[in-house]
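Worksheet: one structure, shown below.
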Amino acid sequence: MKKQKTFVYRCSSCGHEEPKWLGRCPDCGEWNTLIETALNAARNSRASAGKNIPQSLPLSAVDPHEGSWIKSGIAELDRVLGGGIMRRSAVLVGGEPGIGKSTLLLQTAAMAETKGRIVYVSGEESAGQIKMRANRLGISGERIEMLCSGNLDDILPILDAAKPVIIMIDSVQTLYSPEAGLVPGTVNQMKFCSFELINWAKEHDASLFLAAHVTKDGIIAGPKTLEHMVDTVLYFEQNDGDSRFLRAAKNRFGSVDEIGIFTMGERGLQMVEDPSVLFLVNREGTLPPGIATAAVLEGSRTLLVEIQALVVPAKGSISRVFSDKIDSGRVSRVAATLEKHLNLRLSDHDVYVNVAGGMRIAEVGVELALAAALYSAKTGLPLPSKTAIAGELSLAGEVRPVRRNAGRVKTAKNLSFEQFVGPNPDTGETETSPKDASIHNVTDIKSAVKVLFK
Ligand code: TYD
Ligand code: MG
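The opening position of the sequence shown corresponds to residue 140 in the numbering used here, with each subsequent residue numbered one higher.
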């Protein structure tokens, strides 16, 4: 058996360790400073050299409020973050160029409910450009310290001097450090610099926001590697219009179900506090075929969204599904269920599905409305107007209960929908009166179609 090594060569000048003796320390460059040191002694001396010797403590003794929140001043951001900006946390904000990452960081810097300083580091824009944006947004920014550099050697001393409570880095792609290699802009540079900044923030009780560019298809080679280093990952998405959706892909401090909804306007990002009607289309009279309204959950909110379907004979020998807002696998499954249980021939047709307002919907409760839109599109029969639909559809054609059905009914009623077609309510939910004639509880796709297309 190989004997385990019990000593290292430690530099007496900088503490760097090497497994083999060298004439010159590769870290600090001093000559003849590497000294053979027993491993345990090396560990102990390193521990006592540091001021903060890490110590464990019983879980029962941990103060849950240790890292407290700072309100960002932007309620939609707080919602996605899980309550506010956690002290000693790092948040990655990803999104395509032009989506509004810099605007969000600047607005947060201006609005955050703290008396502390905020350092805004930009490697992308000049101070003048940022000032122009700030003017447009009506931000005076007395407590915002600007630094236009991507060099970590410039940034860290500024942080040491300013002692900010919030640090904005715009963006991680512009960070570099001579220590991490000669070429700026590599993944290695980005990881090294982000790691140093995250450490700085955690050691100094600050919160760090890192903006990161993401390509069109949402895949990011570089920033993806940062995801495990940060506490929270937010992605900014855009629909076809002015709306912007902020979603959490990872959140150590809250749910990842919540989304923040903004519109980008003249004066920057505006919050959309009541988005329940944002995805509806104002329509008078009878609906065109292929249109259904779904009551879906997005985090803690119910949204009413218009689902649009179009079914045309397949152009090729293979029929296709075109749907980017609702997973096309889900569309195919619902179409197959309709074909099997209602004899609705869809398999030789191309199917197009869209969501008004460009919202991406992943919630399972959209399935019954999707089925209704497809049925309506294929048969040419319109759905009744002012009707909201919710429900999951099983492969056996059953309509399955969905979470918080009563909440969906309530929102639909508030928005003056006259009918609600959904699953039998969960036994736990007793708020909806079963005698309410405007609420139709259906158990399978056949009975749903009977109610909707009488
Ligand atoms: P920006 O925050 O620069 O995006 P990112 O940092 O993600 O690249 O914002 C980009 C877009 O937003 C830009 O096209 C201009 C637009 N915008 C407005 O429409 N109104 C405004 O008040 C601001 C500041 C930007
Ligand atoms: Mg930017």
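Think of the CB as a built atom: it goes at the ideal place given N, C-alpha and C, for glycine as much as any other residue.
query                                                                                                                                                    : result
Mapping the DSSP letters down to three states, classify residue 433 as helix, strand or coil.                                                            : strand
Please classify residue 193: is it buried, with 16 or more other beta-carbons within 10 angstroms of its beta-carbon, or exposed?                        : exposed
State yes or no: is the C-beta of residue 376 nearer than 7 Å to some heavy atom of the ligand MG?                                                       : no
Can you determine whether any heavy atom of the ligand MG sits closer than 7 Å to the C-beta of residue 241, and answer yes or no?                       : yes
Would you mind sorting residue 386 into buried or exposed? The rule is 16 or more other CB atoms within 10 Å of its CB.                                  : buried
I need the boundaries of the alpha helix (DSSP H) containing residue 247, first residue and last residue.                                                : 240-250
Return the residue from the list 333, 229 and 248 that minimises the CA-CA distance to residue 289.                                                      : 333
How do the segment 413-424 and the segment 495-508 stand: do at least 3 beta-carbon pairs fall below 8 Å, yes or no?                                     : yes
Is it the case that the Cβ atoms of residue 232 and residue 349 are separated by a distance below 8 Å?                                                   : yes
What is the DSSP secondary structure of residue 348, reduced to helix, strand or coil?                                                                   : strand
Looking at residue 294 and residue 260, is the spacing between their C-beta atoms short of 8 Å?                                                          : yes
Can you tell me whether residue 177 is helix, strand or coil according to DSSP?                                                                          : strand
Taking the beta strand (DSSP E) that residue 402 falls in, what are its first and last residues?                                                         : 398-404
Could you pull the start and end residues of the beta strand (DSSP E) that residue 332 belongs to?                                                       : Run containing residue 332: none in the beta strand (DSSP E); it sits in the alpha helix (DSSP H), 326-342.
Quick check: what's the CA-CA separation for residue 189 versus residue 340?                                                                             : For residue 189, the predicted model reports a pLDDT of 47, less than 50, meaning its position is unreliable and no value from the coordinates is stated.
In terms of residues, what are the limits of the alpha helix (DSSP H) holding residue 148?                                                               : Residue 148 -> not in any alpha helix (DSSP H); beta strand (DSSP E) instead, spanning 146-150.
Distance check for residue 447 and residue 488, CA to CA, integer angstroms please.                                                                      : 16 Å
With a Cβ-Cβ cutoff of 8 Å, do residue 242 and residue 408 count as a contact?                                                                           : yes
In chain order, what residues of the same chain lie with their CB nearer than 6 Å to the CB of residue 155, ignoring the 5 residues before and after it? : 164 and 166
Could you tell me whether the segment 467-485 touches the segment 497-511, where touching means 3 or more Cβ pairs closer than 8 Å?                      : yes
Are three or more beta carbon pairs between the segment 398-413 and the segment 214-223 nearer than 8 Å?                                                 : yes
From what residue to what residue does the alpha helix (DSSP H) around residue 296 run?                                                                  : 291-301
Please name the residue or residues paired with residue 462 in a DSSP beta bridge.                                                                       : 492
Thinking C-alpha only, which one of 396, 152, 159 and 157 is nearest residue 172?                                                                        : 152
In terms of residue numbering, what span does the alpha helix (DSSP H) encompassing residue 219 cover?                                                   : 214-220
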